[in-house]
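J.: Here the working numbering runs 1 ahead of the position in the sequence shown, where the first position is 1. All residues carry an ideal CB built from backbone N, CA and C; glycine is no exception. These numbers were taken from a predicted model, which means no experiment stands behind them. For reference, the structure I am asking about is given below.
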Amino acid sequence: MVGSRDSFMVCAPDLDGDGTPELVNGDRGLQELRIYTKQPDGAYGDRIRLLFDGKGPFYGLEVADFNNDGLDDVAAMAFNGTVSVFLGGVGPTLTWLADIQATDPSGSKPAALDYDSDGLMDLAVGADEIVGIELFRNEGDGTFSPGPIIPIAFDTSSPYWVTAGDLDLDGNTDLVVTNNVSQIAVIFLDGAGNSIQTQMIPVSNPVEAVIEDFNNDGLPDIAIAGNYNGFGAASGAFVLPQVKARMLGRPILLPASGTQGVAATDLNLDGTMDLIAISDIELKMRPYYGVPSATCPADLTGDGELNFFDVSQLLTEQVDYNGDGLFNFFDVSAFL
Numbered sequence: 002m003v004g005s006r007d008s009f010m011v012c013a014p015d016l017d018g019d020g021t022p023e024l025v026n027g028d029r030g031l032q033e034l035r036i037y038t039k040q041p042d043g044a045y046g047d048r049i050r051l052l053f054d055g056k057g058p059f060y061g062l063e064v065a066d067f068n069n070d071g072l073d074d075v076a077a078m079a080f081n082g083t084v085s086v087f088l089g090g091v092g093p094t095l096t097w098l099a100d101i102q103a104t105d106p107s108g109s110k111p112a113a114l115d116y117d118s119d120g121l122m123d124l125a126v127g128a129d130e131i132v133g134i135e136l137f138r139n140e141g142d143g144t145f146s147p148g149p150i151i152p153i154a155f156d157t158s159s160p161y162w163v164t165a166g167d168l169d170l171d172g173n174t175d176l177v178v179t180n181n182v183s184q185i186a187v188i189f190l191d192g193a194g195n196s197i198q199t200q201m202i203p204v205s206n207p208v209e210a211v212i213e214d215f216n217n218d219g220l221p222d223i224a225i226a227g228n229y230n231g232f233g234a235a236s237g238a239f240v241l242p243q244v245k246a247r248m249l250g251r252p253i254l255l256p257a258s259g260t261q262g263v264a265a266t267d268l269n270l271d272g273t274m275d276l277i278a279i280s281d282i283e284l285k286m287r288p289y290y291g292v293p294s295a296t297c298p299a300d301l302t303g304d305g306e307l308n309f310f311d312v313s314q315l316l317t318e319q320v321d322y323n324g325d326g327l328f329n330f331f332d333v334s335a336f337l
């Protein structure tokens with residue numbers, strides 16, 4: 002495929018609704034988007050260049066159906082923070098619909114979500130002035146209006162990458178936001194786009210994030226391209242498993258360095274999502290295969306972990322044996 006050294010991101014929408022996705026990417030040096038179509042031999046080629054004067058260059062891309070016509074559309078974030086929405090169409094082609102700009106916009110990629118459950122896909126965009134996320138409501142007539150504002154308590158920097166998904170499976174879409182410096186924010190939303198809980202996680206240089214269930218336990222997990230140091234090890238990519246709703250477990254560190262991008266897909270078609278990480282230091286693309294979580298018979302509480310609370314289930318009476326005012330592991334250890 003003929004691309005560009007300045008390409009930032011590739012997405013795979015089905016623009017014309019024929020059941021075969023196209024590939025779309027931008028160029029950080031040109032005001033254009035490129036469409037690559039699948040050829041009869043299975044390769045992608047026949048590059049279509051769409052020039053958009055006064056818009057772009059484009060960085061992050063988000064796929065969603067913004068006008069409910071059954072065709073995938075693309076929201077593209079420009080270097081100045083403006084998000085341009087383009088409608089898919091037969092050709093395949095992309096046609097400009099609307100521009101959205103947050104207050105002092107920040108970041109490289111927006112996220113699409115239906116935060117108000119009206120059946121129309123809305124947008125979440127990073128905002129520098131408030132150091133948080135601004136939601137924009139899809140009015141269904143080709144316009145987007147300002148919605149709720151979600152502040153984020155980042156220590157430094159502003160939102161960089163926004164990813165959406167229903168993490169706690171309550172029917173409301175949640176957000177994961179990186180700041181490319183020191184933290185990620187996991188934001189659980191209610192049915193009106195308001196934050197009901199935010200978890201701040203320290204990470205060095207978190208870049209991209211993806212939400213998928215990597216162990217087939219029914220709960221979505223979070224994969225991060227970023228440097229995690231802890232538990233006596235360091236890694237350039239890691240997975241935060243969700244052990245139960247709104248509770249993230251110990252990070253699963255992956256062997257990598259300089260990871261700049263992550264993506265999820267079922268590479269080996271075993272029904273479990275796998276992870277791909279790309280490193281600009283190693284100049285490698287690494288696949289990590291998801292493994293279904295096995296049921297641990299000793300996990301008596303069913304929280305996905307083997308810990309004190311499982312051992313305590315064997316006690317007929319929970320007594321503070323060591324007199325420290327707490328019922329904990331040290332009481333149980335008196336029997337060992």
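Between T38 and V64, what straight-line distance do the alpha-carbon atoms span, to the nearest angstrom?
T.: 16 Å
J.: Which same chain residues, not among the five before or five after G166, have their C-beta less than 6 Å away from its C-beta?
T.: I212, P221
J.: Pick out whichever of G172, L241, Y116 has its Cα sitting closest to the Cα of P147.
T.: Y116
J.: Helix, strand or coil for F80 per DSSP?
T.: Here F80 sits in coil by DSSP.
J.: From S118 to A193, what does the alpha carbon distance come to, in whole angstroms?
T.: 8 Å
J.: D175 by DSSP, collapsed to three states: which one?
T.: strand
J.: Once the 5 residues before and after N139 are set aside, which same chain residues still bring their CB inside 7 Å of it?
T.: Contacts found: F67, L121, M122, D123, F145.
J.: Mind checking W97: buried by the 16 CB within 10 Å criterion, or exposed?
T.: exposed
J.: Whole angstroms are fine: how far does the CA of A128 sit from the CA of A79?
T.: 14 Å
J.: Given a cut-off of 7 Å, decide if V240 and A224 are closer than it, judged by their beta-carbon atoms.
T.: yes
J.: Alpha carbons only, please: which of I150, L268, E283 is nearest the one belonging to Y290?
T.: L268
J.: If you count every other CB in all the chains shown that lies within 10 Å of the CB of M10, and 16 or more means buried, which is it?
T.: buried
J.: Buried or exposed: where does V75 fall if 16 or more other Cβ atoms within 10 Å of its Cβ makes it buried?
T.: buried
J.: Note down, in chain order, each residue of its chain lying with its Cβ closer than 6 Å to the Cβ of T273, except the 5 sequence neighbours on either side.
T.: N217, G291, P293
J.: Out of curiosity, what's the CA-to-CA distance linking N26 and G46?
T.: 13 Å
J.: Can you list, in chain order, the residues of its chain whose CB lies under 6 Å from that of E209, leaving out five sequence neighbours each side?
T.: Excluding positions up to five away in sequence, the list reads W162, A226, G262, V263.
J.: What's the gap between the Cα of D191 and the Cα of F59?
T.: 31 Å
J.: For P93 and L307, I'd like the C-alpha separation in whole angstroms.
T.: 52 Å
J.: Taking all protein chains shown into account, do 16 or more other C-beta atoms lie within 10 angstroms of the C-beta of L16, making it buried, or fewer, making it exposed?
T.: buried
J.: Comparing C-alpha positions only, which one of S280, I131, V244, A112 sits nearest to F215?
T.: V244
J.: Taking the Cβ atom as the reference point for each residue, do P111 and G82 lie within a distance shorter than 7 Å?
T.: no
J.: Just tell me which of A125, P160, L170 has its CA closest to the CA of N195.
T.: A125
J.: Throw me the rounded Cβ distance for the A99 and G143 pair, which I believe falls under 8 Å.
T.: Between A99 and G143, the beta carbon gap of about 6 Å places them in contact (Cβ cut-off 8 Å).
J.: When you compare only the Cα positions, how much space is there between V182 and G324?
T.: 45 Å
J.: Roughly how many whole angstroms lie between the Cα atoms of T21 and T266?
T.: 16 Å
J.: What do you reckon, are the CB atoms on L114 and T199 nearer than 7 Å?
T.: no
J.: May I ask you to report which of helix, strand or coil DSSP gives F59?
T.: strand
J.: Would the beta-carbon of P152 fall within 7 Å of that of I131?
T.: yes
J.: Taking only three categories from DSSP, how would you classify F331?
T.: Helix at F331.
J.: Assign I339 to buried or exposed, taking buried as 16 or more other Cβ atoms, counted over all protein chains shown, within 10 Å of its Cβ.
T.: The structure shown does not extend to residue 339, since the chain spans only 2 to 337, so no value can be given for it.
J.: Compare the Cα-Cα distances from L284 to each of G133, I253, I277, G259 and report the closest residue.
T.: G259
J.: So P14 and G61 are supposed to be a Cβ contact under 8 Å. How far apart are they, rounded?
T.: With a Cβ gap of about 14 Å, P14 and G61 do not count as contacting.
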